[in-house]
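Structure first, commentary second.
There are 2 protein chains.
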Amino acid sequence: MRACRREPVPFTPIWLMRQAGRYMPEYRDVRARVGFLELCKTPSLAAEVTVTAAERLGVDAAIIFADILLPLEPMGLDLEFMKGDGPVIHNPMRSAADVHRLVELEEVGALEFVLEAIKQTRRALRSDLPLIGFAGAPFTLASYMVEGGGSKTYVQTKSLMYNDSGAWNAMMSLISRALVKYLNAQVEAGAQALQLFDSWVGCLSPDDYQQYVLPHTRSVLAGINRETPVIHFGTGTGELLRLISEAGGNVIGIDWRVRLDNGWERIGHDKAVMGNLDPVALFANRKHLRLQAKTILEQAGGRPGHIFNLGHGILPETPVENVIALVEMVHEMSTQ
Amino acid sequence: MRACRREPVPFTPIWLMRQAGRYMPEYRDVRARVGFLELCKTPSLAAEVTVTAAERLGVDAAIIFADILLPLEPMGLDLEFMKGDGPVIHNPMRSAADVHRLVELEEVGALEFVLEAIKQTRRALRSDLPLIGFAGAPFTLASYMVEGGGSKTYVQTKSLMYNDSGAWNAMMSLISRALVKYLNAQVEAGAQALQLFDSWVGCLSPDDYQQYVLPHTRSVLAGINRETPVIHFGTGTGELLRLISEAGGNVIGIDWRVRLDNGWERIGHDKAVMGNLDPVALFANRKHLRLQAKTILEQAGGRPGHIFNLGHGILPETPVENVIALVEMVHEMSTQ
Numbered sequence: 463m464r465a466c467r468r469e470p471v472p473f474t475p476i477w478l479m480r481q482a483g484r485y486m487p488e489y490r491d492v493r494a495r496v497g498f499l500e501l502c503k504t505p506s507l508a509a510e511v512t513v514t515a516a517e518r519l520g521v522d523a524a525i526i527f528a529d530i531l532l533p534l535e536p537m538g539l540d541l542e543f544m545k546g547d548g549p550v551i552h553n554p555m556r557s558a559a560d561v562h563r564l565v566e567l568e569e570v571g572a573l574e575f576v577l578e579a580i581k582q583t584r585r586a587l588r589s590d591l592p593l594i595g596f597a598g599a600p601f602t603l604a605s606y607m608v609e610g611g612g613s614k615t616y617v618q619t620k621s622l623m624y625n626d627s628g629a630w631n632a633m634m635s636l637i638s639r640a641l642v643k644y645l646n647a648q649v650e651a652g653a654q655a656l657q658l659f660d661s662w663v664g665c666l667s668p669d670d671y672q673q674y675v676l677p678h679t680r681s682v683l684a685g686i687n688r689e690t691p692v693i694h695f696g697t698g699t700g701e702l703l704r705l706i707s708e709a710g711g712n713v714i715g716i717d718w719r720v721r722l723d724n725g726w727e728r729i730g731h732d733k734a735v736m737g738n739l740d741p742v743a744l745f746a747n748r749k750h751l752r753l754q755a756k757t758i759l760e761q762a763g764g765r766p767g768h769i770f771n772l773g774h775g776i777l778p779e780t781p782v783e784n785v786i787a788l789v790e791m792v793h794e795m796s797t798q
Numbered sequence: 463m464r465a466c467r468r469e470p471v472p473f474t475p476i477w478l479m480r481q482a483g484r485y486m487p488e489y490r491d492v493r494a495r496v497g498f499l500e501l502c503k504t505p506s507l508a509a510e511v512t513v514t515a516a517e518r519l520g521v522d523a524a525i526i527f528a529d530i531l532l533p534l535e536p537m538g539l540d541l542e543f544m545k546g547d548g549p550v551i552h553n554p555m556r557s558a559a560d561v562h563r564l565v566e567l568e569e570v571g572a573l574e575f576v577l578e579a580i581k582q583t584r585r586a587l588r589s590d591l592p593l594i595g596f597a598g599a600p601f602t603l604a605s606y607m608v609e610g611g612g613s614k615t616y617v618q619t620k621s622l623m624y625n626d627s628g629a630w631n632a633m634m635s636l637i638s639r640a641l642v643k644y645l646n647a648q649v650e651a652g653a654q655a656l657q658l659f660d661s662w663v664g665c666l667s668p669d670d671y672q673q674y675v676l677p678h679t680r681s682v683l684a685g686i687n688r689e690t691p692v693i694h695f696g697t698g699t700g701e702l703l704r705l706i707s708e709a710g711g712n713v714i715g716i717d718w719r720v721r722l723d724n725g726w727e728r729i730g731h732d733k734a735v736m737g738n739l740d741p742v743a744l745f746a747n748r749k750h751l752r753l754q755a756k757t758i759l760e761q762a763g764g765r766p767g768h769i770f771n772l773g774h775g776i777l778p779e780t781p782v783e784n785v786i787a788l789v790e791m792v793h794e795m796s797t798q
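Shown next, in the form of structure tokens:
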């Protein structure tokens, strides 16, 4: 929490995106019993995997176990997680007519299970560990809604954006209004910080980001309770960091493709940063892992406002012991 | 050719990566009769699709129809193109022992079909249209050899790179030596310019690129006949452009994630550049397509040494008429 506000800290805090995930045996045990969506919708289990991961790893924050696509269901999308294939949306938005069928999220009752998971996690979690809530950013959610799943090229998403900016903006505005309600409800439920995941925004040119995305993301970030620090994250965003920072957020996520010092300079030192180890570095031997972590700490230069994290989520085959070792290394190497 | 050397030109030249490809009915007709690898290995057909695409589109260069993975077969890899799934290598290189089994490419006889296709294309092509030869760069080829196909995360490739730099460097050196022979043979066969595709290098941090990749790519580029202009291309390379330019090449490819003016500045105006329209812009209406093309020409600022191209290959569903319209627009808007 102090790092989010760029206050001095005794050591660099660290947590890891997707820290409660498939690489962890405790998580796989739970998933052997329930499907992914069922896990998200069962607050006691979501709280359990959230707390277990944070305690097992010795990290400095927990992030609520949930999925960025959960708010799509109450907006009228038919969401399914297929085994091995990732999410599929059976009624993707391809036209203005589709967009007009989207449901305005009037209240967040349909996502009560996430709020309940936050409450239960907050009660179970060590009191000095902050709990992070999160949501997908408008562009990243729109890309799933339009493509009907993941994409390599974003042809459908960009085609709608280029060819029917009215429908595009209507969809992005509707998503943005839903996100403001959802994120503020997470804070009320007990989330102490928030992260906005614009994971796939790096597929856009800077001009397209500025024109089609930035105003919507800004409206989400402007709508969030001012007391709550927000981490604004994306991947492949080297050219977008300045614009992403302009859109808002107290902490800007940087991936490993950008050196942390260069990225922070682009963002401006009046904001905190989060990052930026390549998730694959966790497959390297200890010596190499240590060297890579050290390089990042050196690039941060001991400046207040650095939260150590990966540049993207932990990969499924990652050895747990390396994750634990990384947390220890970062604590040790950054202790003043 | 003149743009490669940064000499003044009457209009901005344009060609498009993967211009002979699945989006084109004439190409699909040929593929209805032969498989992908068979097409690559039949010089008369490879020449036919190469020439047809260049003439149909009215572009200013042809690029030989081939695949970057073709040199992997004579190096001992068992390559197959699966319908819909892309390339699969049945014996990927995962360890030093695997790497030691790689076959040094002593001479390029095993790739004679590419050289013969170049000869036939050069004879059939309008004499004022230059013919571009090409190869994959060491990192991108290594990534296929190690992963056994395409990858989202490059876990195996980077793991080998981090954990056994001896095996990594041996593999990269062997690939580099093969590439020098292969590219020079293409020039001898009639290719007037060359392109080195480091398509996936954008997955690396700048430090990793500098340490594990740059020396090898440099050795390839240093080994090529000095008279032949070389285009050095990658995607997601915003942070790498300076290093890529340092590795070599007369023309540096820029993808759409970087503004052309910013990219060119980073590369240095003593080099030519190629790019950088988002391939998805070809799915937009004409007005929008024109606007996007105009923006790129404006960013190039009429400076000699800009070759118009996409930021990556043409996508399979692209409407042919939009590609033709783009070529006309670029010629018209850039005519002095």
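Protein sequences, first through last, are from chains G and U. Heads up, the first sequence stops at 798 in the working numbering, and the numbers go up one at a time, no gaps. Heads up, the second sequence stops at 798 in the working numbering, and the numbers go up one at a time, no gaps. Just so it is clear, CB atoms sit at the ideal spot from N, CA and C, and this is done for glycine as well.
Under the three-state DSSP convention, the category residue i falls into
| i | result |
| --- | --- |
| M736(U) | strand |
| A597(U) | strand |
| I706(U) | helix |
| Q481(G) | coil |
| D660(G) | strand |
| E542(G) | strand |
| A515(U) | helix |
| G548(G) | strand |
| A528(U) | coil |
| F473(G) | coil |
| I786(G) | helix |
| G698(U) | coil |
| G715(G) | strand |
| V492(G) | helix |
| V720(G) | coil |
| V692(U) | strand |
| L507(U) | helix |
| D522(U) | coil |
Beta carbon of residue i nearer than 8 angstroms to that of residue j
| i | j | result |
| --- | --- | --- |
| G775(G) | G483(G) | yes |
| P592(G) | M736(G) | no |
| H694(U) | P600(U) | no |
| S557(U) | A629(U) | yes |
| R468(G) | P766(G) | yes |
| V713(U) | C466(U) | yes |
| Y616(U) | S627(U) | no |
heavy atom of the ligand NAP below 7 angstroms from residue i C-beta
| i | result |
| --- | --- |
| D669(U) | Inclusion of the ligand NAP in the displayed structure is not the case, the ligand content being empty and no account of it being possible. |
Rounded separation between residue i and residue j - CA only
| i | j | result |
| --- | --- | --- |
| L532(G) | R639(U) | 51 angstroms |
| D560(U) | P554(U) | 8 angstroms |
| A762(U) | L676(G) | 25 angstroms |
| V570(U) | Y644(U) | 6 angstroms |
| T619(G) | N747(U) | 14 angstroms |
| S506(U) | A528(U) | 12 angstroms |
| A523(G) | P475(G) | 8 angstroms |
| G698(U) | Y671(U) | 13 angstroms |
| A494(G) | I526(G) | 20 angstroms |
| E510(U) | I786(U) | 19 angstroms |
| D547(G) | F659(G) | 21 angstroms |
| W454(U) | R490(U) | There is simply no residue 454(U) to check, as chain U begins at 463 and stops at 798 in what is shown. |
| P691(G) | Q673(G) | 26 angstroms |
| F473(U) | G520(U) | 13 angstroms |
| G710(U) | K733(U) | 10 angstroms |
| P470(G) | G612(U) | 44 angstroms |
| L499(G) | K614(U) | 24 angstroms |
| L641(U) | L622(U) | 21 angstroms |
| A586(G) | N771(G) | 23 angstroms |
Exercise. Listed from N- to C-terminal order along the chain, which residues in the segment 758 to 771 of chain G have their beta-carbon within a distance smaller than 9 angstroms of any beta-carbon of chain U?
Worked result: none
For this session: Kindly provide the ranges of any beta strand (DSSP E) runs that are 3 or more residues long and lie completely inside the segment 728 to 783 of chain G, ordered along the chain.
Result: 734 to 739 and 768 to 772
Problem set entry | Unbroken stretches of the beta strand (DSSP E), 3 residues or longer, contained in the segment 558 to 604 of chain G | 593 to 598
For this session: For the segment 611 to 622 of chain G, enumerate the residues whose C-beta is nearer than 8 angstroms to any C-beta of chain U, in chain order.
Result: T615, Y616, V617, K620 and S621
For this session: Could you run through the segment 663 to 680 of chain U and flag, in chain order, every residue whose CB is less than 9 angstroms away from some CB of chain G?
Result: G664, C665, L666, S667, P668, D669 and D670
Problem set entry | Contacting positions in the segment 774 to 785 of chain G - beta carbon closer than 8 angstroms to chain U | L777 and E779
Problem set entry | Near-chain U residues of the segment 707 to 734 of chain G (beta-carbon distance less than 7 angstroms), N- to C-terminal order | W718, R719, V720 and R721
For this session: Pick out the complete alpha helix (DSSP H) segments inside the segment 601 to 657 of chain G, 4 residues or longer, and give them in chain order.
Result: 617 to 625 and 627 to 651
For this session: Quick one: which residues of the segment 624 to 651 of chain G get their C-beta closer than 7 angstroms to a C-beta of chain U? List them in chain order.
Result: Y624 and N625
Problem set entry | chain G contacts from the segment 735 to 760 of chain U (Cβ-Cβ distance under 8 angstroms) | D740, P741, V742, A743, F745, A746, N747, H750 and T757
Problem set entry | Interface positions of the segment 690 to 703 of chain G facing chain U (Cβ-Cβ less than 7 angstroms), listed along the chain | G698, G700 and E701
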